[in-house]
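Chemist:
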Amino acid sequence: MTENDQHEPDNQPICLECAGDLFLRDEVSNTGRSDQCVVCGTTALCWGTRQYAERIQPLFQNRFISARPEYTMGEWLAAEGCSAVDVIQEMTKCGDDRTAELILESLREVWFWWPQDGDDDPLDDDLRFSPDPRASASSFLWTEIEEALRTRSRYFNPQIEERLREMFAGVDELVAQNGEKVIRRAGPETDLTRLWRMRIASDWREVYDMLMSPAQKLGPPPSRVASAGRMNPIGISVFYGAADVETCLGEVRAPVGAHGVAAAFDITRELQLLDIAALARVEARNISHFDPEYQRKHERVAFLQRLSSALQIPVLPGEETSGYLPSQMVAEYLGSRNLPRFDGVIYPSIQSGGQGSNAVLFHHASVVEQLSPDKLLELRGPDWLVSGDIRNHRVESAGRRRAA
Numbered sequence: 001m002t003e004n005d006q007h008e009p010d011n012q013p014i015c016l017e018c019a020g021d022l023f024l025r026d027e028v029s030n031t032g033r034s035d036q037c038v039v040c041g042t043t044a045l046c047w048g049t050r051q052y053a054e055r056i057q058p059l060f061q062n063r064f065i066s067a068r069p070e071y072t073m074g075e076w077l078a079a080e081g082c083s084a085v086d087v088i089q090e091m092t093k094c095g096d097d098r099t100a101e102l103i104l105e106s107l108r109e110v111w112f113w114w115p116q117d118g119d120d121d122p123l124d125d126d127l128r129f130s131p132d133p134r135a136s137a138s139s140f141l142w143t144e145i146e147e148a149l150r151t152r153s154r155y156f157n158p159q160i161e162e163r164l165r166e167m168f169a170g171v172d173e174l175v176a177q178n179g180e181k182v183i184r185r186a187g188p189e190t191d192l193t194r195l196w197r198m199r200i201a202s203d204w205r206e207v208y209d210m211l212m213s214p215a216q217k218l219g220p221p222p223s224r225v226a227s228a229g230r231m232n233p234i235g236i237s238v239f240y241g242a243a244d245v246e247t248c249l250g251e252v253r254a255p256v257g258a259h260g261v262a263a264a265f266d267i268t269r270e271l272q273l274l275d276i277a278a279l280a281r282v283e284a285r286n287i288s289h290f291d292p293e294y295q296r297k298h299e300r301v302a303f304l305q306r307l308s309s310a311l312q313i314p315v316l317p318g319e320e321t322s323g324y325l326p327s328q329m330v331a332e333y334l335g336s337r338n339l340p341r342f343d344g345v346i347y348p349s350i351q352s353g354g355q356g357s358n359a360v361l362f363h364h365a366s367v368v369e370q371l372s373p374d375k376l377l378e379l380r381g382p383d384w385l386v387s388g389d390i391r392n393h394r395v396e397s398a399g400r401r402r403a404a
């Protein structure tokens with residue numbers, strides 16, 4: 001008889017190495033006892049599966065909801081979500097199916113439910129589990145900021161500034177396991193050396209003016225005529241651009257038959273852009289259910305995901321003034337505080353299905369140099385000479401555009 005045969009069937013020892021989550025490992029290291037792991041066979045500090053189950057049960061119950069298969073059109077359709085074993089693997093970061101299955105067996109023993117009172121088995125094999133939206137802080141902080149800016153204090157709000165400081169603290173040090181960085185360098189000798197902008201022309205004369213003065217006509221507007229945008233209040237000019245011409249064309253959504261001029265603007269010095277979507281991904285991967293600061297970090301991820309959505313999803317007509325307030329304040333904060341100080345943000349383009357990227361350069365980084373006389377375009381007859389950096393486009397259909 002081996003040592004493991006002497007343990008209770010529902011309390012087999014599993015070592016800290018088989019529990020991949022770092023915070024859970026620390027707990028096992030601090031309170032576990034030396035034993036032979038039933039999974040990997042090594043002798044190390046272990047918890048019994050019952051102890052793992054007792055630690056996991058309240059987190060599982062409070063942070064996930066279950067759904068049963070539905071009978072539709074004569075057949076049973078599986079619910080969306082993960083099995084209980086998958087949830088345990090996600091929570092513990094264990095790489096072995098057997099680890100999760102053993103913990104699940106003990107979880108069934110410690111999760112009390114009363115069938116005589118009509119309770120359903122909370123871990124039934126047919127159930128599928130997903131994160132409980134009621135346990136998410138996805139809208140709490142965003143709504144708090146939006147409400148405060150709209151109804152209480154818009155220009156000097158130390159409470160909101162403190163919350164933003166919490167949300168962006170340490171972002172310059174975050175790096176994903178795959179090396180993905182949340183701060184993207186743009187400019188000479190980087191993978192993002194230019195940004196594209198496009199304007200729709202009402203007639204050929206306006207096309208001519210754009211081609212003759214691309215910096216003036218296609219660059220960011222002067223402050224006196226700068227309208228409010230997602231990342232700027234009225235009167236503060238910033239540079240909105242796309243990382244490639246295809247994304248730029250998709251973002252403009254010009255009417256059929258219209259002409260537009262797209263121009264590439266070279267970035268002449270190195271800029272630091274905060275990648276909002278990458279930041280949300282990195283933070284989400286770094287969250288542990290066993291981290292004492294789980295709630296704060298979860299709130300941060302939810303806030304960043306909401307910010308990323310706010311930069312992509314259109315605001316309802318008539319609600320631009322109030323709808324842009326939270327993202328405008330975030331831009332003001334990022335562009336004026338040494339976090340380090342950012343020159344702009346970059347985020348996925350919803351018009352390209354997330355394949356392309358858009359960027360916003362804050363006011364201090366959005367100055368455009370005029371073209372020197374020797375680089376001005378020459379127009380010849382009806383065929384409109386265009387360079388590789390400035391293009392005239394005619395919209396022929398809602399989904400297809402051709403360079404003239």
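For the sequence shown, the residue numbers in full-length UniProt numbering are 1 to 404. Ideal Cβ positions, reconstructed from N, Cα and C, are used throughout, including at glycine. Given the structure is predicted, the values throughout are model-derived calculations rather than measurements.
1) Under DSSP, the beta strand (DSSP E) around I346 begins and ends at which residues?
2) Consider the Cβ of R194: report whether some Cβ of chain D lies at a distance smaller than 8 Å.
3) Determine whether the beta carbon atoms of S130 and N11 lie at a separation below 8 Å.
4) If you pair each beta-carbon of the segment 229-238 with each one of the segment 352-363, do three or more pairs fall below 8 Å?
5) Which residues does DSSP pair with A67 in a beta bridge?
6) Identify whether S357 lies in helix, strand or coil by the three-state DSSP scheme.
7) What does a CB cutoff of less than 8 Å around S223 pick up in its chain, not counting 5 residues either side in sequence?
8) Helix, strand or coil for S397? Go by DSSP, reduced to three states.
9) Can you grab the Cα-Cα spacing for the pair C37 / E161, in whole Å?
10) By DSSP, does C15 sit in helix, in strand, or in coil?
11) Buried or exposed for H298, going by 16 or more other Cβ atoms inside 10 Å?
12) What are the boundary residues of the beta strand (DSSP E) that Y240 is part of?
13) I236 lies in the alpha helix (DSSP H); which residues open and close that run?
14) What does the Cβ neighbour count give for N338, buried or exposed, with the cut at 16 atoms within 10 Å?
15) Since V110 and Q57 should fall inside the 8 Å C-beta cutoff, what is the C-beta to C-beta distance between them, to a whole number of angstroms?
16) Please list, in chain order, all residues of the same chain as V39 whose beta carbon is under 7 Å from its beta carbon, the five residues on each side excluded.
17) Taking just the CA atoms, how far does Y208 sit from E378?
18) Under 8 Å, do V368 and F303 count as touching if we go by C-beta distance?
19) Please list the terminal residues of the continuous alpha helix (DSSP H) segment that includes H259.
20) Between P326, K181, L218, D244, which has its C-alpha nearest S366's C-alpha?
21) With I330 and L164 assumed to form a contact (beta carbons below 8 Å), what rounded beta-carbon distance in angstroms separates them?
22) Classify D209 as helix, strand or coil using the three-state DSSP reduction.
23) Output yes or no for whether 8 Å exceeds the beta carbon distance between H364 and M91.
Modeler: Taking the coordinates as given:
1) 344-348
2) Any reference to chain D falls outside this structure, which holds one protein chain only.
3) no
4) yes
5) R128
6) strand
7) G235, I236, S237
8) A caution first: S397 carries a pLDDT of 42, below 50, which makes its placement in the model too unreliable to give a value.
9) 49 Å
10) strand
11) buried
12) 239-242
13) Segment: none, I236 is in no alpha helix (DSSP H) and carries neither H nor E.
14) exposed
15) 6 Å
16) I14, C18, D96, R98, T99
17) Residue confidence is low: E378 scores 47 on pLDDT, short of 50, so the model does not pin down where it sits. No coordinate-derived value is stated.
18) no
19) Taken as a continuous stretch (DSSP letters only), H259 belongs to no alpha helix (DSSP H), being part of the beta strand (DSSP E) at 259-266.
20) L218
21) The sequence shown places Val at residue 330, rather than the Ile named in the question. Indeed they touch by this definition, with Cβ atoms about 7 Å apart.
22) helix
23) no
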